[in-house]
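All remarks here apply to the structure that follows.
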Amino acid sequence: GENVEQHPSTLSVQEGDSAVIKCTYSDSASNYFPWYKQELGKRPQLIIDIRSNVGEKKDQRIAVTLNKTAKHFSLHITETQPEDSAVYFCAASLYSSASKIIFGSGTRLSIRP
Amino acid sequence: DTGVSQDPRHKITKRGQNVTFRCDPISEHNRLYWYRQTLGQGPEFLTYFQNEAQLEKSRLLSDRFSAERPKGSFSTLEIQRTEQGDSAMYLCASSPSKGTDTQYFGPGTRLTVL
Numbered sequence: 152g153e154n155v156e157q158h159p160s161t162l163s164v165q166e167g168d169s170a171v172i173k174c175t176y177s178d179s180a181s182n183y184f185p186w187y188k189q190e191l192g193k194r195p196q197l198i199i200d201i202r203s204n205v206g207e208k209k210d211q212r213i214a215v216t217l218n219k220t221a222k223h224f225s226l227h228i229t230e231t232q233p234e235d236s237a238v239y240f241c242a243a244s245l246y247s248s249a250s251k252i253i254f255g256s257g258t259r260l261s262i263r264p
Numbered sequence: 028d029t030g031v032s033q034d035p036r037h038k039i040t041k042r043g044q045n046v047t048f049r050c051d052p053i054s055e056h057n058r059l060y061w062y063r064q065t066l067g068q069g070p071e072f073l074t075y076f077q078n079e080a081q082l083e084k085s086r087l088l089s090d091r092f093s094a095e096r097p098k099g100s101f102s103t104l105e106i107q108r109t110e111q112g113d114s115a116m117y118l119c120a121s122s123p124s125k126g127t128d129t130q131y132f133g134p135g136t137r138l139t140v141l
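In the order they appear, the protein sequences are chains A and B. Remember, this note's numbering sits 151 above the position in the first sequence when you count from 1. Remember, this note's numbering sits 27 above the position in the second sequence when you count from 1.
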């Protein structure tokens, strides 16, 4: 079955700097890669997703890149702000089957003022 | 609020007791998922419904766990003979059948087994 590895587990960056979170997946059949943000005590919320027919997607300060050959995908947050502090989860799924999402173990991002 | 709702939000029970959680998906979402999240980990898939049919179950779902979605709308997750290891956040998510694969999560039910 699918396995998603996520690094780093914790990340601290200065406000205004960029943050990068990296993930790898094991099942080459996976073709849908969502990223969720979870604030303390709250539900996971989708922030961006990418499908395997696209190499990069951007939404304001957030971008995701996908390397299908290497089975790597990454989240990039630019111009970080205090409200970006949260736990971020990468995930992988098989789009065509609307199947379960397999999550990484999460990255706790802290933004230093 | 038209999002996914879950009830109760918190449940404290003694070991050996049975508990039942409810999830109300977003209206007209055909797909409903249950996940379990322990502290410091990502959500782990438990089971998935398409309308009233339970299409997939994780090996994490022991025979003490049962889920239903009798009318294809709300779902219940029951844990029998709870164990301390069942303590976790139980998350429900829903997704429409067409147009998007996005899963929308509810606020979760936090279970504490004493």
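From the three backbone atoms N, C-alpha and C, an ideal C-beta is built for every residue, glycine too. All figures in this text were calculated on a predicted structure; none of them were measured in a lab.
CB contact below 8 Å: residue i versus chain A
i	result
Asp51/B	no
Pro134/B	yes
Gly34/B	Looking at the sequence provided, one finds Asp at residue 34/B rather than Gly. Taking Cβ atoms only, chain A never reaches closer than 8 Å to Asp34/B, which makes this a no.
Asp90/B	no
Thr129/B	yes
N-terminal and C-terminal residue of the beta strand (DSSP E) that residue i is part of
i	result
Leu197/A	Gln196 to Arg202
Ser122/B	Ala115 to Ser122
His158/A	Val155 to His158
Gln64/B	Arg58 to Gln64
Phe265/A	In this structure chain A extends from 152 to 264, so residue 265/A is not present and cannot be described.
C-beta neighbour in chain B for residue i, strict 8 Å
i	result
Ser261/A	no
Pro159/A	no
Asp200/A	yes
Phe184/A	no
Arg194/A	yes
Leu197/A	yes
Phe224/A	no
Under 8 Å from the C-beta of residue i: neighbouring residues of chain A
i	result
Gln107/B	Here the premise fails: no neighbours, minimum Cβ distance about 23 Å.
Residues that residue i contacts on chain B, provided the C-beta gap is smaller than 8 Å
i	result
Gly257/A	Gly67, Gln68 and Gly69
Chain-ordered neighbours of residue i on chain B, where CB pairs are closer than 7 Å
i	result
Lys251/A	Tyr60, Phe72, Tyr75 and Glu83
Neighbouring residues, chain B, relative to residue i (Cβ below 9 Å)
i	result
Ser244/A	Asp128 and Gln130
Of the residues that make up the stretch 68-82 of chain B, which ones have a beta carbon closer than 7 Å to any beta carbon in chain A? Gln68, Gly69, Pro70, Phe72 and Tyr75
By the 8 Å beta-carbon criterion, what residues does the stretch 108-119 of chain B contribute toward chain A? Leu118
Quick one: any contact between the stretch 220-239 of chain A and the stretch 158-175 of chain A, if contact means 3 or more CB pairs under 8 Å? yes
For the stretch 207-227 of chain A against the stretch 51-59 of chain B, do three or more pairs of beta-carbon atoms, one drawn from each stretch, fall closer than 8 Å, so that the two count as touching? Because the criterion of three Cβ pairs below 8 Å is not met, the stretch 207-227 of chain A and the stretch 51-59 of chain B do not touch.
Could you tell me whether the stretch 102-116 of chain B touches the stretch 40-47 of chain B, where touching means 3 or more Cβ pairs closer than 8 Å? Segment contact: the stretch 102-116 of chain B against the stretch 40-47 of chain B, three or more CB-CB distances shorter than 8 Å; contact assigned.
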